[in-house]
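In this text, residue positions in the sequence shown follow the working numbering: the first is 13, and each later residue adds one. Idealized CB from N, CA, C, for every residue including glycine. Note that this is a predicted model, so its numbers are computed, not measured.
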Amino acid sequence: AGHSFEIVKRLSAKGKLIGIDRDEEALKAAKEKLKEFQNVIYVHDNHDNIKKILEDLQIEKVDGILLDLGVSSYQLDERNRGFSYLGENELDMRMDKTQDLTAKYVVNNYSEEELANLIYEYGEERFSKRIARKIIEVRRSEPIRTTKELADIIIAATPRIKSHIHPATRVFQAIRIEVNNELKNVNFVLHDILDLLDKGGIISVISFHSLEDRIVKQIFKFESQKCRCNEMICKCPPPRIELVNRKPIMACEKEIMENPPSRSAKLRVVRAI
């Protein structure tokens, strides 16, 4: 929904934009920006449920889909949501504030092994075991409640290495991914939207870290191959898509200067055939 404004301006008079977001605040902001347009439908839901959403709207096929993965700059700026290690706020990290699972629950209830695994897998943090051990040690005395408490624990558990990345960055990313189930459903939703796209329709996916981009790249590569079996007589179904860009589109220096978070954004585009 956050990117709706530029898209809706390009719609024809008969076009329709469906903005899906699990964050009610993001939908509220989009409604304000797009209040002059009557061809927008706002849905408070997860994009993982896109098939059911379109079914309820009695829409079989669409001409284009923009999938914006991960947390938004708006959510990061709202520090009381607990996404950022800056400041001292409640450990929350929920994109959808109606769900039950929070960062506070993950930090205070997951086992040492579970914490170490998710920090390593989702944060690609090499000191994951040391950080998990320190979290367990601290929470034995009292629960970890705020972003500052967690950030301080991470700093204490990791060696001081000269880096432009804050020590808590990868851990906060990992916990956020776990809380919002960000990666587990990317695979399913990408296959779902392939079923929903009309011939010639475009899918654009923006990802903000390597874990997301790797999944998108692998699925797009697989679905665009003419043969996936490598047998003498190929029995593979025809490819469903063609790659519009083989390498991800990255922000230029001018855009990065104007919008620093775009530095990590990668855009992959495919067309249904």
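Under a 10 Å Cβ-count criterion, Leu69 is classified as exposed, with fewer than 16 other Cβ atoms of the shown protein chains found around its own Cβ.
With a cut-off of 8 angstroms on Cβ pairs, the stretch 101-113 is not in contact with the stretch 169-178, counting fewer than three such pairs. In the structure shown, Thr158 adopts extended strand secondary structure according to DSSP, grouped into three states. Excluding the 5 residues flanking it on each side, Ile148 has same chain C-beta neighbours closer than 6 angstroms at Glu124, in chain order.
In this structure, the CA atom of Val217 is about 40 angstroms from the CA atom of Val150.
Nearest to Leu255 by alpha-carbon distance, out of Glu243, Tyr122, Glu235, is Glu235. A direct Cα-Cα distance of roughly 37 angstroms separates Leu130 from Asp75. CA-to-CA, the gap between Glu161 and Asp112 works out to about 22 angstroms. Per DSSP, Asp60 is not a residue of any beta strand (DSSP E), being assigned neither H nor E.
Residue Asp108 holds the alpha-carbon nearest to the alpha-carbon of Glu36 among Asp108, Glu67, Lys47, Leu78. Fewer than three beta-carbon pairs drawn from the stretch 157-172 and the stretch 191-207 are found closer than 8 angstroms, and the two stretches are therefore not classed as touching.
Following the DSSP letters along the chain, one finds Lys211 inside the beta strand (DSSP E) bounded by residues 209-219. Distance from the Cα of Leu209 is smallest, within the candidate group Glu270, Asn51, Ile253, Asn61, for Ile253. Within a 10 Å sphere around the beta-carbon of Arg182 sit 16 or more other beta-carbons, which makes this residue buried. The alpha-carbon separation between Val191 and Phe184 amounts to approximately 10 angstroms.
Annotation: the continuous beta strand (DSSP E) that includes Ala284 extends over 278-284.
Assignment of Gly31 by DSSP, reduced to helix, strand and coil, places it in the strand class.
Judged by their CB atoms, Ile30 and His59 are not nearer to each other than the 8 angstroms cut-off. Looking at the backbone, the Cα of Ala277 and that of Lys229 are separated by about 14 angstroms.
The continuous alpha helix (DSSP H) containing Asp225 extends over residues 222-236. A check of alpha carbon separations from Asp57 across Leu66, Lys116, Met244, Lys45 identifies Leu66 as the nearest.
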